[in-house]
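Residue numbers (the working numbering), protein chains in the order written: chain R, 584 to 831; chain W, -18 to 481. I have placed the structure first, in the form of structure tokens, so that the comments after it can refer back to it.
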């Protein structure tokens, strides 16, 4: 789905990403994880070209991200950020249908799609007319997900989508999200700093440190066959409740 | 909103069209400077031209010499009253004007003719009360030499002028060393209360007959002559010969006492210039004419239209130009800095100066005023458009980009709607500044609420000042509320937008 080759990116004197190679498998969920400043959000931003790499090439489904094609390629991706990024001047429904309306899609089909997405994300249809300011944090993220899924994209890019939610809502949404991903069978790339969340969602977990991939594999690989002492420490730094099972 | 602007334009085009309609009669436009004497003379000239069969109109109180002279050269006015001293020292400064003949020749080379003197010399003079004159038997300035104890109070300008007190003292070898500088209006009161004995005056000041002052004769001929004359475009002799000969019949008809009495009728008796001029024409020539002064309601209506015209056109064009400039400033930072600096510099130019700068380019009237107001209105709108868009939360900008919205759609659907509160605030600021500044337009003949304000300041008439200031303030308030209403309609953000 995504092919990143020899990507480097610096912010001033600080190297965010150094010579990174990465291939994303279609139909699977990949979790990008690592401590703050490891470059995980930058990588996600590069995939949708919100951030331009200084060097290297990124291909999406075999096409290089290049000016001129960007808008079309972005329309094949769904992007959700931590606080939803909903437009405050538009109702929930208009946030969801903005792109479809702009592209001139048949309103009837759009309505059906919105209804389907409400059903999928458990968003109450009677709240569609509300503005984002009138929605709870969890509802905002549901709308953001609906917006990302509206054009039925090939890939979902999620940047800490549940990071700002309180634990109960977060737990509820984690369960729902995984169900949705399984129902849709989409390629999902999710950035998180929580190894528990990464292991819950990720078929593949990519652990990053200072702009480099330290280890890539399943939670079992990271736990039982850590590449180095950092991976071991990172995996162990989670407080798990005894008896609770993670991953699959 | 656009429709209303169009309506205003159409109405005003219709009004200006109706004046052109009477093209068979020769048209004569008279100008005057912004002081009472000039306005009265302008009204008299207008009356004479009208009586001679011309379609005459009077562009009153157009500011100072430069404005009138340039307007005359450009043909925006055909005639105006002027003073020989001003012609020699200001208009033809740098040229040698030894005689009246050479002055006429110098003016003729510019296509301007000068009438014979009207009969009064409005120059500096020294004045004393009638009692003082009798008590010390004062008739001439030379008589002051014998009375060292007389207390002198002169206007600050007179204390400094080249032909003022220092030169006068030398010329007449006056012994007094106690001359005080003070405000001209206060000087009259000082004279009345007996605090000072001698003051400087203009020979046709309205206060001279009012306070029954005696002017001391300039027996050594120290003060330059400021003989009132009429300047008119030489071409007028062909296009409106009857008006020109009517002008020439005025020469020698107004002496200093007469002029001072006319000035006093306006400044002391509070008659309008139009009424005073009409009386003069009636007595002098038996000419009667309908009093040109319209009712207060009509005046207010006309001025409101004029003011709306100035503000509407300038603000509307400023919005059309400034919002794209603001957007450009966001997209290209370097260009943006230049745009904001230039608009900032424009804003620091004083209103009056900006208006005067426009005159060589656009003449007098509403065009230069609109151009100046347009420039004034740019900065707040550009700046607020810039701040409004660049202040949008980066995560919202990123969300819009990530959706795959092309730049134009992003601007239309996301950035402009989110920046609207800021842009509207900028427009509101511009509108209020614009309405206030537009009152200065009256100085260059653009009309509007500035007209009564200007007259009121000149005549020290608070009522007249309020006649312009109150509607201007009300218009500013109305515009402010109007924009707030539009704003609420355009940006229902955060509120219940129940309909989907």
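Backbone N, C-alpha and C define an ideal beta-carbon position, used for all residues, glycine too.
Inset, instruction - Measuring only between beta-carbons, confirm whether residue 388 of chain W sits less than 7 Å from chain R. - result: no
Legend entry - Candidates R/794, R/804, R/818, of which the one nearest residue 593 of chain R by Cα: The candidate whose alpha carbon is nearest that of residue 593 of chain R is R/794.
Inset, instruction - May I ask which residues mark the beginning and end of the beta strand (DSSP E) holding residue 180 of chain W? - result: Residues 179 to 183.
Legend entry - Closest by C-alpha distance to residue 313 of chain W, when choosing among W/336, W/371, W/259: The candidate whose alpha carbon is nearest that of residue 313 of chain W is W/371.
Inset, instruction - Going by CA-CA distance only, name the one from W/457, W/429, W/459 that's closest to residue 449 of chain W. - result: Relative to the Cα of residue 449 of chain W, the nearest Cα in the group W/457, W/429, W/459 belongs to W/429.
Inset, instruction - Using a threshold of 7 Å, state whether the C-beta atoms of residue 363 of chain W and residue 324 of chain W are closer than that. - result: yes
Inset, instruction - Could you check what DSSP says for residue 222 of chain W in three-state terms: helix, strand or coil? - result: helix
Legend entry - Contacts that residue 383 of chain W makes with chain R (C-beta to C-beta distance below 7 Å): 631, 633, 657, 662
Legend entry - Residue-level contact to chain W via CB, residue 776 of chain R, 7 Å cutoff: no
Inset, instruction - Give the DSSP-derived three-state secondary structure of residue 157 of chain W in the structure shown. - result: coil
Inset, instruction - Tell me where the beta strand (DSSP E) around residue 134 of chain W begins and ends. - result: 133 to 136
Legend entry - 8 Å Cβ cut-off: residues of chain W touching residue 666 of chain R: Near residue 666 of chain R (Cβ distances below 8 Å), the residues of chain W are 376.
Inset, instruction - Flag residue 845 of chain R as yes if its beta-carbon sits less than 7 Å from any beta-carbon of chain W, otherwise no. - result: Residue coverage of chain R in this structure runs from 584 to 831, which leaves residue 845 of chain R outside it and unanswerable.
Legend entry - Coarse secondary structure for residue 205 of chain W, derived from DSSP in three states: DSSP places residue 205 of chain W in coil when its eight states are reduced to three.
Inset, instruction - Look at residue 38 of chain W and residue 17 of chain W and say whether their C-beta atoms are less than 7 Å apart. - result: no
Legend entry - Residues of the stretch 676 to 691 of chain R whose Cβ lies closer than 8 Å to any Cβ of chain W, in chain order: 676, 677, 681, 682, 685
Legend entry - Proximity below 7 Å, CB of residue 350 of chain W to CB of residue 335 of chain W: Result no, Cβ atoms of residue 350 of chain W and residue 335 of chain W do not sit closer than 7 Å.
Inset, instruction - Would you mind telling me which residues of chain R sit closer than 8 Å to residue 380 of chain W, beta carbon to beta carbon, in chain order? - result: 662, 664, 668, 669, 670
Inset, instruction - Using a cut-off of 9 Å between C-beta atoms, extract the partners of residue 399 of chain W located in chain R. - result: 670, 671, 672
Inset, instruction - Run down chain R in chain order and give the residues with a C-beta less than 7 Å from the C-beta of residue 43 of chain W. - result: Ordered by position in chain R, no residue passes the 7 Å Cβ test against residue 43 of chain W, which lies about 49 Å from the chain.
Inset, instruction - Anything in chain W within Cβ reach of residue 743 of chain R, meaning under 7 Å, just list it in chain order. - result: By Cβ distance, chain W contributes nothing, its closest Cβ being about 12 Å from residue 743 of chain R, past 7 Å.
Inset, instruction - Can you say whether residue 137 of chain W is buried or exposed, counting buried as having 16 or more other CB atoms within 10 angstroms of its CB? - result: exposed
Legend entry - Interface partners of residue 654 of chain R on chain W, CB under 8 Å: 385, 386, 387
Inset, instruction - From the DSSP output, in three-state form, read off residue 774 of chain R for me. - result: strand
Legend entry - Within 7 Å, strictly: CB atoms of residue 101 of chain W and residue 27 of chain W: no
Inset, instruction - Give the interface partners of residue 395 of chain W over in chain R, defined as CB-CB distance under 9 Å, in chain order. - result: 670, 672, 673, 681
Legend entry - Validate contact between the stretch 372 to 384 of chain W and the stretch 631 to 639 of chain R using beta carbons, cut 8 Å, 3 pairs: The answer is yes - the stretch 631 to 639 of chain R touches the stretch 372 to 384 of chain W, with three or more Cβ pairs under 8 Å.
Inset, instruction - Check residue 803 of chain R in the structure and name its three-state DSSP category. - result: helix
Inset, instruction - To the nearest angstrom, report how far apart residue 636 of chain R and residue 789 of chain R are at their CA atoms. - result: 19 Å
Inset, instruction - With a threshold of 16 other CB atoms inside 10 Å of the CB of residue 251 of chain W, please say whether the residue is buried or exposed. - result: exposed
Inset, instruction - Under 8 Å by Cβ, that's how I've got residue 402 of chain W and residue 468 of chain W pegged, so tell me the actual separation to the nearest angstrom. - result: 7 Å
Inset, instruction - Pick out whichever of W/36, W/22, W/470, W/41 has its Cα sitting closest to the Cα of residue 63 of chain W. - result: W/22
Inset, instruction - Would you decide whether residue 459 of chain W is buried or exposed? Buried here means 16 or more other CB atoms lie within 10 Å of its CB. - result: Flag for residue 459 of chain W reads exposed.
Inset, instruction - Measuring only between beta-carbons, confirm whether residue 2 of chain W sits less than 7 Å from chain R. - result: Below a pLDDT of 50, predicted positions are generally treated as unreliable, and residue 2 of chain W, at 42, falls in that range; no measurement from the model is reported.
Inset, instruction - Could you have a look at residue 43 of chain W and say whether DSSP puts it in helix, strand or coil? - result: coil
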